[in-house]
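Here is the structure we will look at, set down as C-alpha cells.
There are 2 protein chains.
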Amino acid sequence: MRANVKSLNQARQIRQVFGPVMDRLDQVENFFEREFSRAEPMVREVATYVLASGGKRLRPALVLLVSRMLGYHGERDVRYAAVVEMIHTATLIHDDIIDGSDLRRGHATANTRWGNQTSVLVGDWLYTRTMDLCLELGDVDVMRLLTTATLRMTEGEILADRIRGRIDVDEGIYMDISQRKTAELFAAACALPALFQPATLHLTERLLAFGRSVGVSFQLVDDMLDFTAARADLGKPVMADLREGRVTLPIILLLPRLDPRTRRRLGEVVSSGTFEAISETEVLEMVRTSGVLDEVRRRARDFAARAAHEAESFPKGSERDSLLLASEILLDRGM
Amino acid sequence: MRANVKSLNQARQIRQVFGPVMDRLDQVENFFEREFSRAEPMVREVATYVLASGGKRLRPALVLLVSRMLGYHGERDVRYAAVVEMIHTATLIHDDIIDGSDLRRGHATANTRWGNQTSVLVGDWLYTRTMDLCLELGDVDVMRLLTTATLRMTEGEILADRIRGRIDVDEGIYMDISQRKTAELFAAACALPALFQPATLHLTERLLAFGRSVGVSFQLVDDMLDFTAARADLGKPVMADLREGRVTLPIILLLPRLDPRTRRRLGEVVSSGTFEAISETEVLEMVRTSGVLDEVRRRARDFAARAAHEAESFPKGSERDSLLLASEILLDRGM
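The listed protein sequences derive, respectively, from chains A and B.
Each position in the first sequence, counted from 1, maps to that position plus 1 in our numbering.
Each position in the second sequence, counted from 1, maps to that position plus 1 in our numbering.
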C-alpha cells in the first residue's frame with residue numbers, strides 16, 4: 002500500500018517535472034513513430050517493443066528541458082531527445098544479451114523474445130542510425146559528444162564485465178564504472194542543447210557536470226533500490242545485481258564490517274550467482290541493518306547537491322526549477 | 002596437394018595485387034598497434050586476436066590501392082583502411098554471436114573464447130571508435146559513406162536472420178542480402194578515397210559501382226566454396242551455411258531441379274540444421290553434379306566483368322591493374 006502511494010506521488014511529481022516540455026515529449030514519440038514506420042519490420046518490432054516497455058523518457062526530458070531553458074526554438078531538441086533515447090535503448094538491448102536477463106521493467110527482454118541474434122543486430126542498427134540522424138543535419142559537434150559518451154558507456158560495461166563474479170571490487174573502480182555506464186549519457190543529454198546555438202556554447206562544461214552528477218546520483222540510488230525495493234517496483238528480482246555477480250556500493254561498504262567467514266560466504270554468492278553459501282534473507286538483513294544504505298543515500302544526496310550547485314549558473318525560470326526537481330525526484334526514489 | 006599448389010599460387014598473386022601498397026599496409030598494422038595499445042586491455046585483447054587471425058586485409062588494400070590510383074599523398078588512406086577493417090572486424094565479432102559459430106578462419110571465435118558479453122561490447126566499441134576516428138579529422142562525408150554502409154550491412158544481416166531455417170528463399174531476396182551484407186562495405190572501401198580530394202569527387206559513383214560488383218562476385222564465390230572447398234581451406238566445416246539454416250544461391254538454383262520428396266527432405270535439413278532427413282554426402286553430390294555451381298560461377302564472373310567495365314573509367318596505371326587483378330583472384334578462388 003505504502004509503495005502504491007509513493008508511486009502515485011512520484012507519478013505526480015514526474016508530470017510536474019515534464020510539464021514544461023510535455024508537448025515536445027509527444028513530438029519525440031511522433032519522431033519514433035515516423036522513424037520506425039520506415040524501418041525494416043524486424044527493427045520496427047523490436048525497437049518499438051523495447052521503447053514502449055515503460056521507459057520514463059528521462060533522458061529525452063533532460064534534452065528538452067535544457068533546450069527550452071536555453072531559449073532554443075528549432076526542431077533539433079526533439080530529434081536529439083529521440084537520438085539519446087535510441088542510444089539508451091540500444092544499450093539496454095545489448096546489456097540484456099550480456100546479463101542473460103529475462104526481465105526488464107517487468108517485461109520479457111528483447112533477447113528472450115527474439116533471441117540474441119536479432120537483439121545484437123537491432124542494437125547495432127539503432128546505434129548506427131543515431132549517427133545517421135546526426136549526420137543528416139551535419140551536427141558534427143553533437144555527434145562528437147554522443148560518440149564519446151557511447152564509447153565511455155561501452156568501456157564502462159567492459160570494465161563491469163571484467164570484475165563480474167569478484168567480491169574484491171575497489172570503490173574507485175565502482176565509481177568509475179558508474180560514471181561511465183550511466184552518467185556519461187545523462188551528461189551528453191544535458192549538454193548537447195548548448196551546441197544548438199553559438200550564444201549558449203559556453204554553458205557546455207557546466208551542463209556536462211550537472212548531467213554527470215545527476216547520473217551518478219541516479220546510479221547510486223538504483224544500486225540501493227536493488228536491496229530495498231519490492232520486486233513489483235523494480236520489475237526485476239531483488240538483489241538482481243548480486244545474482245549476476247555484480248558487486249555494487251552497498252556490498253563494497255558492507256565488506257569491511259563483516260567477519261572473514263561471512264565475507265568469504267558472501268564472496269561465494271557473488272562468484273556463483275546463487276544464495277547457497279548464505280541465504281537471501283540473511284544477506285538482505287545484513288545490508289539493511291548495517292547502515293551502509295544510509296551511507297549510499299548520503300553520497301547520492303551529495304551528488305544531487307553538486308548538481309544543484311552547477312545549476313546555479315543556469316538561466317533562471319521554470320525549466321531550471323524542473324531540472325532541479327528532476328534531480329530531487331530521482332534521489333527521492335531511494336529515500 | 003592440388004589445394005596447396007593453388008594456395009601458393011594465390012599467395013603469390015595476392016602479393017602481386019598488394020605490391021603497390023605493401024608499405025601502406027604495414028602502416029595500417031602500425032595504426033592498429035597504436036590504436037589498441039591505448040585501449041582498454043579487454044578491447045585490446047579481443048580486437049587484436051580477431052584482427053590477427055588471418056584476415057587478408059582485402060578491404061584495407063582496396064582503400065589503399067584506390068587512394069594511390071587517385072594520386073592521393075596524405076595520411077587519410079592508412080587511417081580509413083584501418084577504419085574499414087575495424088568495421089569489418091566488429092561485424093565478424095557480432096556475426097559470430099549470431100551464428101553461435103565456434104570457428105572462423107580455422108580459429109576459435111571471439112565469443113567462444115570470451116563469451117557473448119565481451120564480444121557484444123568489443124564489437125560495439127569498435128563500431129563507435131571508428132566514428133570517432135572519422136570525427137577526429139572532421140571527415141563528415143567519409144563518415145556518411147561508412148554509416149550508410151554499416152546500416153545496410155546490419156539490415157542485410159537482419160533480413161538474413163529472418164529467412165533463416167526457411168528453404169523457400171526468393172532469388173531476389175538472396176541477391177539483396179548479399180549486396181547489403183558484403184558488397185556495401187567493399188563499395189565504401191573503394192569509394193571513400195574519392196572524397197579525400199575535390200578533384201576526384203566525380204569518381205565516387207563509379208568507384209561505388211566497382212566495389213559493389215567486386216563484393217557481390219566475392220560473396221557468390223564464397224557461397225559456392227561452402228560446397229566445393231575442403232575443411233582445411235575454409236577454416237570451417239563444409240556446408241556451414243546449410244548447418245546454420247542459411248540457404249544460398251546454389252540451393253536456390255538446385256530446388257526446382259529436385260523432385261518434391263527430395264525438396265521436402267532438403268527443407269528439413271535447412272530447418273533443423275542436421276543431415277538426418279538426407280545425408281551430407283547426398284546433398285554434396287546433388288549440388289556438385291547438378292550444374293548449379295557452374296551457374297553460380299557464371300554469375301560471379303558476370304559481376305567481375307561488370308567491375309572491370311566500371312574500371313575502364315579509372316586512371317590507368319599499376320594500381321588500376323592491381324584492382325582488376327584483385328577482382329580476378331577473388332573470382333579465381335571458385336574456379
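Note that beta-carbon positions come from the ideal geometry of N, C-alpha and C, so glycine has one too.
Assigned secondary structure, Val248/A (DSSP; H/G/I helix, E/B strand, else coil) = Here Val248/A sits in coil by DSSP.
Name the chain B residues that come within less than 7 Å of His95/A, Cβ to Cβ?
-> Val121, Asp125
Relative to chain B, which residues along the region 162-188 of chain A have a C-beta separation below 7 Å, given in chain order?
-> Asp162, Arg163
Using Cβ-Cβ distances below 8 Å, what residues of the region 133-158 of chain B are close to chain A?
-> Asp133, Leu136, Gly139, Val141, Met144, Arg145, Thr148, Thr149, Thr151, Leu152, Thr155, Glu156, Glu158
May I ask you to verify whether the region 272-279 of chain A touches the region 173-191 of chain A, counting CB pairs closer than 8 Å and requiring at least 3?
-> Taking a cut-off of 8 Å on C-beta distances, the region 272-279 of chain A does not touch the region 173-191 of chain A, as fewer than three cross pairs fall below it.
Buried versus exposed call for Thr290/A [16 or more other C-beta atoms within 10 Å across all chains shown] = Burial call: exposed.
Counted within 10 angstroms of its Cβ, other Cβ atoms place His89/A as buried (16 or more) or exposed | buried
State yes or no: is the beta carbon of Tyr128/B nearer than 8 Å to at least one beta carbon in chain A?
-> Closer than 8 Å: yes.
Is the Cβ-Cβ distance between Met154/A and Arg181/A less than 8 Å?
-> yes
Short CB-CB distance (under 8 Å) between Met240/B and chain A = no
Glu41/A CB to nearest chain B CB: under 8 Å?
-> For Glu41/A, the nearest CB of chain B lies under 8 Å from its own CB, placing it at the interface with that chain.
Examine the Cβ distances between the region 110-126 of chain A and the region 146-162 of chain B and report whether three or more of them are shorter than 8 Å.
-> yes
With burial defined as no fewer than 16 other Cβ atoms inside 10 Å of the residue's Cβ, what is the status of Ser179/A: buried or exposed?
-> buried
So Gly157/B is in the alpha helix (DSSP H); what residue range does that whole segment cover?
-> 141-163
Kindly indicate the opening and closing residues of the alpha helix (DSSP H) around Phe304/B.
-> 293-312
Considering Tyr337/B, what are the terminal residues of the alpha helix (DSSP H) in which it resides?
-> This structure leaves residue 337/B out entirely; chain B is present only between 2 and 336.
Does any C-beta atom of chain B lie closer than 8 Å to the C-beta of Val88/A?
-> Looking at the sequence shown, residue 88/A is not Val but Ile. No, Ile88/A does not count as interfacial toward chain B.
Alpha helix (DSSP H) segments (min. 4 residues) lying fully within the region 178-233 of chain A = 185-192, 205-229
Using the C-alpha atoms, what's the distance from Met43/A back to Leu331/B?
-> 33 Å
Run of the alpha helix (DSSP H) containing Ser328/B, from where it starts to where it stops = Residue range 319-333 is occupied by the alpha helix (DSSP H) that includes Ser328/B.
The region 265-284 of chain B: which residues have C-beta closer than 8 Å to a C-beta of chain C, in chain order?
-> Of the chains in the structure shown, none is chain C; the protein chains are A and B.
Quick one: complete alpha helix (DSSP H) runs, 4+ long, within the region 27-74 of chain B?
-> 42-53, 59-70
Could you tell me the boundaries of the alpha helix (DSSP H) in which Val239/A lies?
-> Element bounds for Val239/A: n/a, residue is neither H nor E.
Is Asp97/B helix, strand or coil when you go by DSSP?
-> Asp97/B falls in the helix class under three-state DSSP.
Cα-Cα separation, Ala111/B to Leu66/A | 43 Å
If we count the other Cβ atoms within 10 Å of its Cβ and call it buried at 16 or more, is Ser323/A buried or exposed?
-> By the neighbour-count definition (other C-beta atoms within 10 Å, threshold 16), Ser323/A is a buried residue.
Quick one: residues in its chain with C-beta nearer than 6 Å to the C-beta of Gly268/B, no 5 flanking neighbours on either side, listed in chain order?
-> Result list for Gly268/B: Ile168, in chain order.
Output yes if chain B places a C-beta closer than 8 Å to the C-beta of Ser102/A; else output no.
-> At Ser102/A, the pLDDT of 47 sits below 50, so the modelled position is not reliable; the number obtained from the coordinates is stated separately. No, its Cβ sits nowhere closer than 8 Å to a Cβ of chain B.
State yes or no: is the beta carbon of Val67/B nearer than 8 Å to at least one beta carbon in chain A?
-> no
When the distance is taken between beta carbons, is Thr183/B closer than 8 Å to Ala195/B?
-> Against a cut-off of 8 Å, the Cβ pair of Thr183/B and Ala195/B comes out as no contact.
Report the residue from Gly216/A, Met240/A, Gln198/A whose alpha carbon sits nearest the alpha carbon of Leu337/A.
-> Shown here, chain A extends from 2 to 336; a query on residue 337/A therefore has no answer.
Contact set for Asp142/A: own chain, Cβ-Cβ below 8 Å, skip 5 residues either direction = Leu196
Apart from the five residues just before and just after Leu255/A, which ones in its own chain have a Cβ nearer than 7 Å to its Cβ?
-> Met287, Val288, Ser291, Val293
Name the residues in the region 12-32 of chain A whose C-beta lies less than 8 Å from a C-beta of chain B; which are they?
-> none
Pair every Cβ in the region 212-224 of chain A with every Cβ in the region 79-88 of chain A, then say whether three or more of these pairs are closer than 8 Å.
-> no
C-beta neighbour in chain B for Asp44/A, strict 8 Å = For the record, residue 44/A in the displayed sequence is Val; it is not Asp. It does: the Cβ of Val44/A has a partner Cβ on chain B nearer than 8 Å.
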